[in-house]
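In my numbering, the protein residues as written are 251 to 487. Only one structure is covered here, and it is reproduced in the block below.
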Ligand SMILES: [Zn+2]
């Protein structure tokens, strides 16, 4: 059983280097006994970094989600199963994605409060985030108004807290957002991780988050495009 330690690390910036053992080597990657790496998911890119042992080292590409987290490595032949390794996560990459992911919580929450918009998709890329919103009335959307409000809130400096709550506690909480995807989580998972940005957002989430939203620089909307009936795709840097 591989320990997924990114879920226990909060704030999710500056992930630690860690030592562990290679449990299995596949054609294109390596499984580790435990890992702090964030696997791609929920619009947030996976971590990447360097695995090394006894003077040999290899970069690993974006780690992927699954029952076990795969660390993609090209030259797997330099490693052996059972090797004790040091894993160093690219923290510049992680920190940027952590800030962008936390900013997306704020943007989605404010879009919901201002326009009753639902976030139906999102993807973080190199320097921009794309959010697909569905609106009861998309004519209400105002890019200047929402970016001003999001930036005011980022400056306000709310703390980001992590809770471990039961499905019941989550589904019965009156301020909870984004619970519809919970059907897709196996019913054997009884306790879920909930992210709270104090006074702003509350939702189940496995991503990585800053400790306080004042750490996030202001956002700037780059484009707003129609994505079909009632939907807009908003891209901001
Ligand atoms: Zn999150």
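Beta carbons are placed, not taken as given, at the ideal position from N, Cα and C, and that holds for glycine.
- Sixteen is the threshold: when 16 or more other Cβ atoms of the shown chains lie within 10 Å of the Cβ of residue 295, as they do, the residue is buried.
- Contact between residue 343 and residue 298 is confirmed by a C-beta separation of about 6 angstroms, below the 8 angstroms threshold.
- Counting along the chain, no alpha helix (DSSP H) covers residue 437, and no H or E run does either.
- The residue from 407, 481, 403, 438 with its alpha-carbon nearest to that of residue 416 is 438.
- In this structure residue 449 does not touch residue 261 by the C-beta definition: roughly 18 angstroms separates them, more than the 8 angstroms allowed.
- When the alpha-carbon of residue 284 is set against those of 329, 397, 336, the nearest one is in 336.
- Closer than 7 angstroms to some heavy atom of ligand 1: that describes the Cβ of residue 445.
- Residue pairing by DSSP puts residue 322 in a beta bridge opposite 279.
- Under the 10 Å beta carbon count, residue 421 is surrounded by fewer than 16 other beta carbons and is classified as exposed.
- By the neighbour-count definition (other C-beta atoms within 10 Å, threshold 16), residue 310 is a buried residue.
- Taking 8 angstroms as the cut-off, the beta carbon of residue 383 is found closer than this to the beta carbon of residue 367.
- From the listed residues 280, 369, 399, the smallest Cα separation to residue 293 is found for 369.
- In this structure, the CA atom of residue 485 is about 12 angstroms from the CA atom of residue 476.
- In the DSSP assignment, residue 413 falls within the unbroken beta strand (DSSP E) covering 410-416.
- For residue 341, the enclosing alpha helix (DSSP H) covers residues 341-365.
- Collapsing the DSSP output to three states places residue 313 in coil.
- At least one heavy atom of ligand 1 sits closer than 7 angstroms to the Cβ of residue 355.
- At the C-beta level, residue 350 and residue 374 come within 8 angstroms of one another.
- Contact between residue 281 and residue 255 is ruled out by a C-beta separation of about 14 angstroms, above the 8 angstroms threshold.
- In the same chain as residue 396, and ignoring 5 residues on each side of it, the C-beta atoms closer than 7 angstroms to its own belong to 360, 361, 364, in chain order.
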